[in-house]
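Structure record follows, encoded as structure tokens.
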Amino acid sequence: MIEVYPKIFLMKGLCNNYYVDGKIKILIDAGFDFKEKVDILILTHIHPDHVFFAKKIQERTNCKIFIGQDDENIDEFLFYCPSWKGKEIEKFKIDRVLKKNDEINIGQYDFQVLQLPGHTLGSIGLYEKKHEILFSGDTIFENGLIGRTDFIHSSEELMQKTLKKLKKLKIKHLFSGHGTIK
Ligand SMILES: [Zn+2]
Numbered sequence: 694m695i696e697v698y699p700k701i702f703l704m705k706g707l708c709n710n711y712y713v714d715g716k717i718k719i720l721i722d723a724g725f726d727f728k729e730k731v732d733i734l735i736l737t738h739i740h741p742d743h744v745f746f747a748k749k750i751q752e753r754t755n756c757k758i759f760i761g762q763d764d765e766n767i768d769e770f771l772f773y774c775p776s777w778k779g780k781e782i783e784k785f786k787i788d789r790v791l792k793k794n795d796e797i798n799i800g801q802y803d804f805q806v807l808q809l810p811g812h813t814l815g816s817i818g819l820y821e822k823k824h825e826i827l828f829s830g831d832t833i834f835e836n837g838l839i840g841r842t843d844f845i846h847s848s849e850e851l852m853q854k855t856l857k858k859l860k861k862l863k864i865k866h867l868f869s870g871h872g873t874i875k
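Each step along the sequence shown adds one to the number in my numbering, with nothing skipped, and position 125 is 818.
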């Protein structure tokens, strides 16, 4: 685990995963077989490299799993994508579907849920206004790179709207789903 910001740790796995070690312990994405205490696992979107270990982590830590609205149809996801590199993706239980303007307050940080459809229809970001932090999932990356929209569950048109919306945000610390994080 690398501390990329006070109490925010990065673990590299199938994707970049982040652990926010607050009063409530949050794990962002499950592309890593995480073994510490987790209260809430937030999935930025339903893609195999971000959800692969969700079931294992849920069983081990008894955490709640949150996902964005329009990405909650796990049966459909598993129908199209039952495995990752030959390994079966285990079905996990979703406890809460996050909607626009939902907030997750963990004491030190106050995360606002942003709906960022495009890469998947239910992609979300977590924005921390005070510290100008954005967990962007696979929507945007460093150096202005943008997530792919050629998947079955993507929309180029919605991605363009999402990018316009993101341009208005003040982002000082971008923690994306892939790539190097300084
Ligand atoms: Zn993705």
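Using N, Cα and C, we set each Cβ at its ideal position, and we do this for glycine too.
Cβ-heavy atom distance, residue i to ligand 1, below 8 Å
i: G811; result: no
i: G872; result: no
i: G800; result: no
i: H740; result: yes
i: D764; result: no
i: D831; result: yes
i: G840; result: yes
i: H743; result: yes
Simplified DSSP state of residue i, which is helix, strand or coil
i: G818; result: strand
i: Q762; result: coil
i: K789; result: Here residue 789 is Arg; the residue named in the question, Lys, does not match the sequence. Of the three classes helix, strand and coil, the one that applies to R789 here is strand, per DSSP.
i: L707; result: coil
i: L862; result: coil
i: D732; result: coil
i: G837; result: helix
i: I701; result: strand
i: L809; result: coil
i: E849; result: helix
i: I874; result: coil
Residue j beta carbon less than 9 Å from that of residue i
i: T813; j: H740; result: yes
i: H738; j: G761; result: yes
i: L736; j: D764; result: yes
i: I797; j: E835; result: no
i: C756; j: L720; result: yes
i: F770; j: H871; result: no
i: D931; j: K718; result: Here the chain covers residues 694 to 875 and nothing more, so residue 931 does not appear.
i: F804; j: I787; result: no
Cβ neighbours of residue i in the same chain (closer than 7 Å, five flanking residues each side left out)
i: L807; result: I817, G818 and Y820
i: I864; result: E825 and L827
i: T855; result: L809, P810, G811 and T832
Close beta carbons around residue i, own chain, < 6 Å, minus the five adjacent residues each side
i: F725; result: M704, G706 and N710
i: I826; result: H866
i: M852; result: G811 and T842
i: V697; result: L703 and I874
i: F746; result: A723 and D726
i: G815; result: G761, Q762, D763 and D764
i: G840; result: H812, D831 and T832
i: D795; result: V806
i: K877; result: Here the chain covers residues 694 to 875 and nothing more, so residue 877 does not appear.
Same chain only: Cβ atoms within 8 Å of residue i, ignoring 5 sequence neighbours per side
i: M694; result: F702, L703, M704 and Y712
i: P775; result: E781 and I782
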